[in-house]
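Comments concern the structure below.
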Amino acid sequence: MYGNDFSEPPEQPGARSLLDQVADAERDLELAAQQDRPTGTEDDYFMAVIAADQKIEPRDWMPEKYRKNLIRQIAQHAHSEIIGMQPEGNWISRAPTLKRKAILLAKVQDEAGHGLYLYAAAETLGVDRAELSDMLIDGRQKYSSIFNYPTLTWADVGAIGWLVDGAAIVNQVPLCRASYGPYARAMIRVCKEESFHQRQGYEILHVLSHGTPEQKAMAQDAVDRWWYPSLAMFGPPEGESPNTAQSMAWKVKRFTNDELRQRFVDMCVGQAEILDLTLPDPGLVWNEAEGRHDYTQPDYDELFRVIKGNGPCNRERITHRKAAHEGGQWVRDAAEAYAKKKAKVSA
Amino acid sequence: MSTTDWPLWEVFVRPRRGLAHTHVGSLHAPDAELALRNARDLYTRRQEGVSLWVVPAMSITASSPDEKDAFFDPAADKVYRHPTFYDVPEGVAHL
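If you read the sequences in order, they're chains A and B. Here this note's numbering = 1-based position in the first sequence + 76. In terms of this note's numbering, the second sequence has 10 at position 25, counting the first letter as 1, and numbering is strictly consecutive.
In structure tokens, the structure reads:
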């Protein structure tokens, strides 16, 4: 499958899995690197590289708006990984079995790693990670709306894996082809690991939904609460998404928010059936003529409220991040002093 | 707010069956030892490699993309650097 064939419904027999698409993107990236680079100066060169589906690299010339836009997107992506450790971290000490606990620990460790890959990619654009961290803490940069919802039961950990990480993958697989090389490469790495997250979440829900009636009810309740916030993760609908057109022209984004949301809904319907759980949308029906599901849009007013800082857990998340940062200052100072002392001794 | 600014390290991993170290990414750490430990946790969680190098990013000098044509050009007009440039008389073996 190639580039824009991404819109092929995944439930078709023989359709490539998301992981296969990541592998395809990785192969294309390597092939693109072997092609001769376009010639030309500044803007000509930049546009020619993008037109040829090659990658812009850190030392290439790029329009200032491209750089700024990427810093914003990659940094907020990184912040989301870091803040995203909190809702799941909330259940580490209370995971119901040792196996689930070990898995959850590994997963949260991955999220930290994803944050670091992404901060490293952002830094190639000439910003400093410490500066980005400050911007997160004082609210100048955002993170994904989804992490402002609370994890109320163990089943929420399953719902986050299945729905939240599932939505993240649908969003991130096309980013494996983003025109900025360091971002595309980080996304390839992230998507491979994210796929483990999604499957382990699905397994949690599957075990619960085939367990006792209480476990099944808990799984259903979690899906009911996480469904719409997950749909909202794809961002505002067409016409209300200020960055989409430019991002698509620069081949940072490959699909609109609505296209990705539609794909996610189509994917989830079959997966929910096998879980024997229902998606909380009475308006969700197969549209034969269009070859896709009709569904009820999430509440975008709620999305904007959450993005502006007024969701259920916004203050808690940032307060926690800030406390960890400030409380850890003496440890960072100690590490730095020790490094200096050691450098002096060996000099 | 951030008073500490740890230096950036570039990380290279040699895969189990790989011949050479490959650049895999970068990270911040106060010193080489912690850079190595963090690189172990970050880039080899799934047995990606058997050897790690960390290098302070400050120590790396890169060629400039602006002058890449001029910089790499001399290679093109020295065709005699390739063995295929030379005529070999017919019948010569093991050459």
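All C-beta atoms, glycine included, are put in the ideal place defined by N, C-alpha and C.
Could you tell me which of the options sits nearest to residue i, measuring between CA atoms?
{"i": "valine 98 of chain A", "options": "A:Pro318, A:Glu269, A:Arg381 and A:Phe380", "result": "A:Glu269"}
{"i": "proline 358 of chain A", "options": "A:Gln373, A:Gly367, A:Ile350 and A:Glu392", "result": "A:Gln373"}
{"i": "methionine 211 of chain A", "options": "A:Ala413, A:Lys329, A:Ile394 and A:Leu194", "result": "A:Ile394"}
{"i": "tryptophan 302 of chain A", "options": "A:Met343, A:Tyr225 and A:Ile168", "result": "A:Tyr225"}
{"i": "tryptophan 238 of chain A", "options": "A:His282, A:Pro289, A:Ser221 and A:Ala206", "result": "A:His282"}
{"i": "glycine 315 of chain A", "options": "A:Gln347, A:Arg337, A:Lys417 and A:Thr332", "result": "A:Thr332"}
{"i": "alanine 298 of chain A", "options": "A:Gln149, A:Tyr259, A:Ala348 and A:Pro139", "result": "A:Ala348"}
{"i": "alanine 47 of chain B", "options": "A:Pro139, A:Lys141 and A:Glu133", "result": "A:Glu133"}
{"i": "glutamine 32 of chain B", "options": "B:Pro41, B:Gly3 and B:Ser49", "result": "B:Gly3"}
{"i": "serine 323 of chain A", "options": "A:Glu106, A:Gly116, A:Tyr142 and A:Ala108", "result": "A:Tyr142"}
{"i": "histidine 8 of chain B", "options": "B:Asp(-10), B:Ile45, B:Pro50 and B:Pro15", "result": "B:Ile45"}
{"i": "valine 184 of chain A", "options": "A:Ser317, A:Ile350 and A:Ile236", "result": "A:Ile236"}
{"i": "isoleucine 280 of chain A", "options": "A:Lys175, A:Val361, A:Val203 and A:Glu366", "result": "A:Lys175"}
{"i": "valine 240 of chain A", "options": "A:Trp326, A:Ser306 and A:Val249", "result": "A:Ser306"}
{"i": "alanine 109 of chain A", "options": "A:Ile126, A:Thr117 and A:Gly116", "result": "A:Ile126"}
{"i": "glycine 215 of chain A", "options": "A:His155, A:Gly287 and A:Tyr304", "result": "A:His155"}
Residue i by DSSP, collapsed to three states: which one?
{"i": "asparagine 333 of chain A", "result": "helix"}
{"i": "histidine 8 of chain B", "result": "strand"}
{"i": "arginine 397 of chain A", "result": "helix"}
{"i": "alanine 91 of chain A", "result": "With a pLDDT of only 49 at alanine 91 of chain A, under 50, the local geometry of the prediction cannot be trusted, and no value is derived from it."}
{"i": "histidine 45 of chain A", "result": "Since the first residue shown for chain A is 77 and the last is 423, residue 45 of chain A is missing from the structure and cannot be characterised."}
{"i": "asparagine 363 of chain A", "result": "strand"}
{"i": "aspartate 370 of chain A", "result": "strand"}
{"i": "proline 226 of chain A", "result": "coil"}
{"i": "arginine 66 of chain B", "result": "helix"}
{"i": "leucine 353 of chain A", "result": "coil"}
{"i": "isoleucine 280 of chain A", "result": "helix"}
{"i": "glutamate 84 of chain A", "result": "For glutamate 84 of chain A, the predicted model reports a pLDDT of 43, less than 50, meaning its position is unreliable; a value from the coordinates is still stated below. Coil, per DSSP."}
{"i": "proline 139 of chain A", "result": "coil"}
{"i": "aspartate 58 of chain B", "result": "helix"}
{"i": "proline 250 of chain A", "result": "helix"}
{"i": "leucine 201 of chain A", "result": "coil"}
{"i": "glutamate -5 of chain B", "result": "strand"}
{"i": "isoleucine 132 of chain A", "result": "strand"}
{"i": "tyrosine 71 of chain B", "result": "coil"}
{"i": "histidine 13 of chain B", "result": "strand"}
{"i": "valine 35 of chain B", "result": "coil"}
{"i": "valine 41 of chain B", "result": "For the sequence presented, residue 41 of chain B should be read as proline rather than valine. Proline 41 of chain B falls in the strand class under three-state DSSP."}
Once the 5 residues before and after residue i are set aside, which same chain residues still bring their CB inside 6 angstroms of it?
{"i": "alanine 151 of chain A", "result": "Ala198, Leu208 and Gln217"}
{"i": "arginine 1 of chain B", "result": "Val35"}
{"i": "asparagine 80 of chain A", "result": "Its pLDDT being 39, under 50, asparagine 80 of chain A is placed unreliably in this model, and the coordinates cannot settle the point."}
{"i": "alanine 171 of chain A", "result": "Lys177 and Leu180"}
{"i": "proline 89 of chain A", "result": "The predicted model places proline 89 of chain A with a pLDDT of 37, which falls under 50 and marks its position as unreliable; any figure quoted below should be read in that light. Correct list: empty, nothing qualifies."}
{"i": "glycine 387 of chain A", "result": "Asn224"}
{"i": "leucine 95 of chain A", "result": "Ser271"}
Do residue i and residue j have their C-beta atoms within less than 8 angstroms of each other?
{"i": "glycine 191 of chain A", "j": "glutamate 164 of chain A", "result": "no"}
{"i": "asparagine 363 of chain A", "j": "phenylalanine 310 of chain A", "result": "no"}
{"i": "proline 312 of chain A", "j": "leucine 379 of chain A", "result": "yes"}
{"i": "alanine 101 of chain A", "j": "proline 114 of chain A", "result": "no"}
{"i": "glutamine 111 of chain A", "j": "glutamine 130 of chain A", "result": "yes"}
{"i": "glycine 189 of chain A", "j": "arginine 22 of chain B", "result": "no"}
{"i": "phenylalanine 340 of chain A", "j": "alanine 243 of chain A", "result": "yes"}
{"i": "alanine 410 of chain A", "j": "leucine 19 of chain B", "result": "no"}
{"i": "serine 221 of chain A", "j": "valine 345 of chain A", "result": "no"}
{"i": "methionine 161 of chain A", "j": "glutamate 187 of chain A", "result": "yes"}
{"i": "isoleucine 245 of chain A", "j": "glutamine 276 of chain A", "result": "no"}
{"i": "leucine 355 of chain A", "j": "alanine 262 of chain A", "result": "no"}
{"i": "valine 328 of chain A", "j": "tyrosine 256 of chain A", "result": "yes"}
{"i": "alanine 206 of chain A", "j": "aspartate -10 of chain B", "result": "yes"}
Quick one: residues in its chain with C-beta nearer than 7 angstroms to the C-beta of residue i, no 5 flanking neighbours on either side, listed in chain order?
{"i": "isoleucine 159 of chain A", "result": "Tyr219, Phe223, Arg393 and Arg397"}
{"i": "leucine 284 of chain A", "result": "Ala231, Gly234, Gln291, Lys292, Met294 and Ala295"}
{"i": "alanine 24 of chain B", "result": "Val(-4), Leu12, Leu37 and Val39"}
{"i": "alanine 17 of chain B", "result": "Val39"}
{"i": "asparagine 319 of chain A", "result": "Asn145"}
Identify, in the order they occur along the chain, each residue of the same chain with its Cβ nearer than 8 angstroms to the Cβ of residue i, setting aside the five sequence neighbours on each side.
{"i": "arginine 391 of chain A", "result": "Gly385"}
{"i": "histidine 401 of chain A", "result": "Ser209 and Ile213"}
{"i": "serine 83 of chain A", "result": "Unreliable positioning characterises serine 83 of chain A in this predicted model, as indicated by a pLDDT of 43, which lies under 50. The coordinate reading is nonetheless provided below. Hits under 8 angstroms: Phe331, Glu335 and Arg339."}
{"i": "tryptophan -6 of chain B", "result": "Ser11, Leu12, His13, Ala14, Ala17, Ala20, Ala24, Val39, Val40, Pro41 and Ala42"}
Does the beta-carbon of residue i, which I'm using as the reference point, lie nearer than 7 angstroms to any heavy atom of the ligand ADP?
{"i": "histidine 13 of chain B", "result": "As far as ligands go, the structure on display features none, and thus does not contain the ligand ADP."}
*Using Cβ-Cβ distances below 9 angstroms, what residues of the region 163 to 196 of chain A are close to chain E?*
Here chain E cannot be found, since the structure's protein chains are A and B.
*Taking only runs that begin and end inside the region 166 to 218 of chain A, name each unbroken alpha helix (DSSP H) of 4 or more residues, in chain order.*
174 to 199 and 205 to 213
*Counting only runs that start and end within the region 290 to 348 of chain A, where is the alpha helix (DSSP H) found for 4 or more residues in a row?*
320 to 325
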